[in-house]
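*Asks:* I have a structure I would like to understand better, so I am pasting it below and will then ask my questions one at a time.
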Amino acid sequence: MKVTDTYNDIKEVNLAYLMLAQNMIRADREAAVFRLGISEEIADILEALTPGQILKMASSDMLLMSFRFDDSLLLDLLANHERERGVGHIHAAILAAGKPVETAA
34 MKVTDTYNDI KEVNLAYLML AQNMIRADRE AAVFRLGISE EIADILEALT PGQILKMASS
94 DMLLMSFRFD DSLLLDLLAN HERERGVGHI HAAILAAGKP VETAA
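In this text, residue positions in the sequence shown follow my numbering: the first is 34, and each later residue adds one.
This is how it looks when you write it as structure tokens:
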């Protein structure tokens, strides 16, 4: 895989993430804040972005989203296929809810 392919893939992921996040916030703000792991301040910023601003942000070659599962227990709960899927995902959601949200610095 070429470096340019990787950068293009990152830009596509950024665009999809920003559009999804904005749509989620507009549809159900409380659920979006929880599911995205963001603060109300970040939600306000994302909701107010114009299409041009979203395209500009998405064109960065740096991944804009971050993974919430930064510990092995949460990762295991989401990836483990041996447990009943629903119970593992509920437990993972509870653990994720206790993690600090992303804020604007």
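No residue lacks a Cβ here, since even glycine has one placed at the ideal position from N, Cα and C.
1. Are the CB atoms of residue 49 and residue 7 within a distance shorter than 8 angstroms?
2. Drop a sphere of 10 angstroms on the beta-carbon of residue 81, count the other beta-carbons inside from all chains shown, and report buried for 16 or more, exposed for fewer.
3. Quick one: grab the DSSP three-state call for residue 89.
4. Tell me where the alpha helix (DSSP H) around residue 35 begins and ends.
5. From the beta carbon of residue 72, is the nearest beta carbon of chain D less than 8 angstroms away?
6. Assuming contact is defined by CB atoms lying nearer than 8 angstroms, are residue 43 and residue 109 in contact in what I supplied?
7. At the level of alpha carbons, what is the spacing between residue 92 and residue 105?
*Replies:* Checking against the coordinates, here is how it stands:
1. Absent from the structure is residue 7, since the part of the chain shown begins at 34 and ends at 138.
2. Exposed is the call here.
3. It is helical.
4. Run containing residue 35: none; DSSP gives neither H nor E here.
5. The structure shown has no chain D; it contains just one protein chain.
6. Judged by beta-carbon spacing, residue 109 lies beyond the 8 angstroms limit of residue 43, meaning their Cβ atoms are not closer than that value.
7. Looking at the two C-alpha atoms, the distance is approximately 31 angstroms.
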